[in-house]
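Numbered according to this note's numbering, the sequence shown spans residues 115 to 311.
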Amino acid sequence: MKRLSEQILAHAGGLPEGTPVSAKSLLHLGNRAAVDQALSRLAERGELIRAGRGVYLRPVTSRFGTRSPSIEQAVEALASQRGEVIVSSGAAAANTLGLTTQVPVRSVYLTSGRTRKMNLGKQVVELRHAPRWQLALANRPAGEAVRALAWLGPEKAEAALLALKRKLPQTTFNELVAAAPQLPTWLARSVGKAAHG
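Structural data, given as structure tokens:
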């Protein structure tokens, strides 16, 4: 019979790149204490990356050496594994939509789960709990617009909305207008002004 650590590595090796491994997903291999200990040892040896409390990732090996999985893949896999909504931050959304030239230095994502940090090698990904309205349209372009507007704040929202009305496809802008009742009053008012003059 293979040792527990070898079984864990074999299991992790069969998963797509960036898929997190947690002790709960490995309970079919042994009891909780043994699995926790094996995961800890594998992380110490560098065979797994400890991304956060109870979350481990398999490093990606290529001809150039080993590296951490991409942030996007790890975040996407964590969201599906934990059943959370995880989306890019308002600063990143504003940059993507061309509403700011600022490029976010830190990797920040908004989540429906608790606030925490995830370590991917030397990169630290911050997961911040966000209100439901910021996650309403999750991975849709209209949702990206909502997060960008929330980040810009009440002072800059109206000017940004006029720019978005010109840039976004009409269907996306209509989706944003339809989501207005879920938004805070200041943002719903700005969306209404931009939509109806």
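All C-beta atoms, glycine included, are put in the ideal place defined by N, C-alpha and C.
Given the structure is predicted, the values throughout are model-derived calculations rather than measurements.
> How would you call Gln248, buried or exposed, if buried means at least 16 neighbouring beta carbons within 10 angstroms?
Replying inline: buried
> For Ser259 versus Leu290, is the C-beta spacing smaller than 7 Å?
Replying inline: Correcting the residue identity first, residue 259 is Ala in this sequence and not Ser. Their beta carbons are under 7 Å apart, which means Ala259 touches Leu290 by this criterion.
> Taking just the CA atoms, how far does Pro173 sit from Glu161?
Replying inline: 7 Å
> Mapping DSSP to helix, strand and coil, what is Met115?
Replying inline: Confidence at Met115 is low in this model, with a pLDDT of 41, below 50, so its placement is unreliable and the value that follows should be read with caution. Note: Met115 maps to coil in three-state DSSP.
> Since Val222 contacts Ser203 with CB under 8 Å, what's their CB separation in whole angstroms?
Replying inline: 4 Å
>> Less than 7 Å between C-beta atoms, sequence neighbours within five positions excluded: which residues of the same chain meet that for Ala206?
In response: Pro218
> Taking one C-beta from the segment 220–236 and one from the segment 180–200 each time, how about it: are there three or more such pairs within less than 8 Å?
Replying inline: yes
> Are three or more beta carbon pairs between the segment 173–187 and the segment 143–153 nearer than 8 Å?
Replying inline: no
> Taking Leu211 as the reference, which of Arg246, Arg228, Arg261 has the closest Cα?
Replying inline: Arg261
> Leaving out five residues before and five after Asn288 in sequence, what residues of the same chain have Cβ atoms less than 8 Å from its Cβ?
Replying inline: none
> Quick one: is Gly127 buried, meaning 16 or more other Cβ sit within 10 Å of its Cβ, or exposed?
Replying inline: exposed
>> I'd like to check one pair, Leu276 with Ala302: are the Cβ atoms closer than 7 Å?
In response: no
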